[in-house]
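S.K.: Quick note on numbering: our numbering labels position 259 of the sequence shown as 260, and the sequence is numbered without any gaps.
From the three backbone atoms N, C-alpha and C, an ideal C-beta is built for every residue, glycine too.
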Amino acid sequence: MTFRLPAFFAASLLLTLAACKNTVSYQTPAAPRPEAYKEAPPDSFKELAGARDWKASAPADALAKGAWWKIFHDPALDALEAQVDVSNQSLKSAEARFREARALIRENRSQRLPTVTGGAAIARDRLSLNRGVPPPASEAGYGDFSLGVDAQYEVDLWGRVRNLIAASVEAGQATAADLENVRLSLHAELAFDYFDLRSMDAERRILDRAVEAYGQALALTRRRFEGGVANQVEVAEAETQLEATRAQQIDIAERRAQYEHAIAALTGQPAESFTLAETATPLDPPAIPVGVPADLLERRPDIAAAERRVAAANSQVGQTKAAFFPTVVLGLSAGLEGSSIANWFNWPSRLWALGPSAAQTLFDAGRRRAVTAGAVANYDAAVAGYRQSVLTSFQQVEDQIASLRVLEDESRRQKLAVAAAHRSETLSLNRYKGGLVTYLEVATAQTITLQNERVQAGIERRQMEASVLLIKTLGGGWDRAALPTPAQLAAR
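#1: Determine whether the beta carbon atoms of ARG256 and VAL236 lie at a separation below 8 Å.
#2: Excluding five sequence neighbours on each side, which residues of the same chain lie with their C-beta closer than 6 Å to the C-beta of GLN174?
#3: Please go through the segment 327–397 and give each complete alpha helix (DSSP H) segment of 4 or more residues, from N-terminal end onward.
#4: Would you decide whether HIS188 is buried or exposed? Buried here means 16 or more other CB atoms lie within 10 Å of its CB.
#5: May I ask you to report which of helix, strand or coil DSSP gives GLU155?
#6: Does the Cβ of GLY120 have 16 or more other Cβ atoms within 10 Å, making it buried, or fewer, making it exposed?
#7: Measuring only the C-alpha atoms, how far is PRO487 from GLY356?
#8: Bridge partners of ASP197, per DSSP?
#9: Roughly how many angstroms separate the alpha carbons of GLU279 and ALA203, rounded to a whole number?
#10: Buried or exposed: which applies to VAL150, given that a residue is buried once 16 or more other Cβ atoms fall within 10 Å of its Cβ?
#11: Just to confirm the assignment, what range does the beta strand (DSSP E) spanning GLY120 have?
#12: Mind checking whether ALA376 and THR328 have CB atoms under 8 Å apart?
#13: Can you pull the DSSP bridge partners for SER147?
#14: Helix, strand or coil for GLU48? Go by DSSP, reduced to three states.
#15: Less than 8 Å separating the beta-carbons of GLN250 and TYR215?
#16: Report yes if the CB atom of LEU198 is closer than 8 Å to the CB atom of TRP479, and no otherwise.
#17: Measure the C-alpha to C-alpha separation of VAL398 and THR474 and round it to an integer number of angstroms.
#18: Exposed or buried, ALA239, counting other C-beta atoms within 10 Å across all chains shown (16 or more means buried)?
#19: Which stretch, first to last residue, makes up the alpha helix (DSSP H) that contains PHE99?
#20: Going by beta carbon distance, what residues of the same chain come within less than 6 Å of ARG463, once the five residues before and after it are set aside?
#21: When we look at the beta-carbon of TRP159 and count the other beta-carbons within 10 Å, is it buried (16 or more) or exposed?
#22: Mark LEU267 as exposed unless 16 or more other C-beta atoms lie within 10 angstroms of its C-beta, in which case mark it buried.
#23: Where does the unbroken alpha helix (DSSP H) through LYS322 begin, and where does it stop?
#24: Please determine, among ALA382, LEU470, SER341, the residue with the shortest C-alpha to C-alpha distance to LEU148.
#25: Please go through the same chain and pick out, in chain order, the residues whose beta-carbon is closer than 8 Å to the beta-carbon of PHE99, but skip the five residues on each side of it.
#26: Going by DSSP in three states, ALA63 sits in which element: helix, strand or coil?
#27: Report the residue from ALA305, LEU417, PRO35, LEU437 whose alpha carbon sits nearest the alpha carbon of GLN456.
#28: Taking the beta carbon of ALA378 as the centre, do at least 16 other beta carbons fall within 10 Å, making it buried, or is it exposed?
#29: Please determine, among ALA323, PRO302, PRO271, the residue with the shortest C-alpha to C-alpha distance to LYS89.
#30: Please classify GLY173: does DSSP put it in a helix, a strand, or coil?
#31: Out of curiosity, what's the CA-to-CA distance linking ASP365 and VAL372?
#32: Helix, strand or coil for ARG481, going by three-state DSSP, please let me know.
#33: Between the C-alpha atoms of SER350 and ILE123, what's the straight-line distance to the nearest angstrom?
#34: Rounded to whole angstroms, what's the CA-CA distance from PRO136 to ASP126? Just pull it up for me.
#35: Measure the Cβ-Cβ separation of VAL469 and PHE193 and say whether it is below 8 Å.
#36: Decide if the segment 287–306 is in contact with the segment 382–401; the criterion is three or more beta carbon pairs, one per stretch, under 8 Å apart.
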């Protein structure tokens with residue numbers, strides 16, 4: 002035993018070194034990478050009079066990593082976003098799945114080392130005197146005292162364990178990217194709901210001003226009716242307009258409450274105990290640098306997750322191919338066995354066994370080939386999913402850039418329409434006071450003004466929504482370099 006143990010470890014080392022030659026090559030699948038975004042040519046943006054300053058640079062230049070929402074400069078939004086990482090239950094669920102993936106890596110890495118088991122047993126046995134070859138009566142009963150250690154080590158000649166570990170590491174990195182994608186989605190959803198709620202506040206202020214103006218118009222119409230200048234139909238028209246606008250106020254309150262409840266759920270609070278005070282903060286979308294398409298592949302966590310799953314599928318193919326080769330196991334057993342407590346620990350009671358064993362499947366009716374074919378198909382599906390994720394990401398960025406560009410121009414046009422509607426309303430009211438027209442013209446002008454103001458508020462809401470979605474589609478300041486390394490994933 003003294004001379005054979007070094008040979009045992011030397012043989013293990015040589016076999017392990019030989020196994021290192023059987024590596025599974027992997028390259029990131031090719032995916033389309035346009036040179037620039039079609040909807041964001043800098044020159045065309047500069048040609049838009051009054052358009053905000055668009056520029057092509059890395060998204061992280063203007064987005065704080067992990068706190069991209071600060072680009073909106075809204076303290077109330079900052080406070081709400083800070084609660085998502087602490088209290089959101091969907092995020093906690095994604096974090097738990099990431100911890101599960103890390104535990105699986107440690108479980109698979111344990112197969113690189115021998116499995117050592119130990120055991121002890123004390124028994125008093127008696128043999129039957131009526132067996133085919135009966136023992137002497139004096140030897141029919143005997144004691145069996147055993148204490149031993151067994152070690153088993155699978156030599157990874159064909160890369161099964163190595164590919165198993167690689168697949169779990171790559172899957173762990175994909176889960177880490179999934180966690181960041183969930184985080185990004187939750188923060189974006191909160192910002193989306195927050196700006197929708199602020200848009201409801203803006204519409205509520207518009208309706209409040211309209212109710213006040215319509216109330217004054219109704220009082221004027223009643224005075225004119227009492228003076229015999231106006232008729233009762235005009236009074237009814239003024240009352241109808243006022244009450245219809247008050248009904249719209251109620252509808253706005255109901256929609257605002259729903260957004261408030263959604264924000265409460267996202268921040269991990271009961272809806273009944275959460276209230277968000279109304280503010281008059283204007284909705285002003287910030288300038289967002291869109292970068293170049295090549296950056297997008299490094300800044301989207303969902304794309305990183307899809308690519309890491311391709312790598313994991315590739316490792317799984319290598320793992321299945323190892324099943325076509327023999328499984329080589331090195332075993333070592335050692336211990337003590339005696340017939341009584343008196344001789345249990347004597348030197349003659351020692352026992353040991355040392356040696357390799359190999360097993361090879363000779364016939365399985367095509368099972369291994371089917372498993373390998375399935376792994377290859379899974380790899381092809383992962384590649385297709387990765388490429389589709391890339392294409393979808395480019396589409397999403399183009400969509401939001403186009404939305405912001407069109408809404409920018411639409412907003413400027415709509416502001417002109419609102420100004421014209423106010424002038425028309427003022428002229429109609431003056432003509433009505435002078436007795437030149439009926440109240441119908443005033444009501445029509447006021448309705449047009451209210452509609453245009455609400456359309457303008459809706460455009461501003463859509464601009465904020467498109468800004469949030471653009472930041473989300475750009476990755477929210479995340480970078481692929483933030484993925485944990487294999488060593489970090491395996492660490493406790």
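M.R.: Taking the structure as given:
#1: no
#2: Excluding sequence neighbours, GLN174 sits near ARG309, LEU484.
#3: none
#4: buried
#5: strand
#6: exposed
#7: 33 Å
#8: Answer is none; ASP197 lacks a bridge partner.
#9: 9 Å
#10: exposed
#11: 116–127
#12: no
#13: ALA122, GLU338
#14: Legend: pLDDT at GLU48 = 36, less than 50; position of this residue unreliable, value from coordinates given subsequently. DSSP places GLU48 in coil when its eight states are reduced to three.
#15: no
#16: no
#17: 6 Å
#18: buried
#19: 90–110
#20: LEU408
#21: buried
#22: buried
#23: 302–322
#24: SER341
#25: GLY173, THR176, ALA177, ASP179, LEU180
#26: Since pLDDT at ALA63 reaches only 48, below the 50 mark, its modelled position is unreliable, and the value read off the structure follows with that caveat. It is coil, neither helix nor strand.
#27: Before going further, note that residue 456 is Val rather than Gln in the sequence given. It is LEU417.
#28: exposed
#29: This sequence places Asn at residue 89; Lys is not what is there. Ranking ALA323, PRO302, PRO271 by Cα distance to ASN89 puts PRO271 first.
#30: helix
#31: 11 Å
#32: helix
#33: 14 Å
#34: 13 Å
#35: yes
#36: yes
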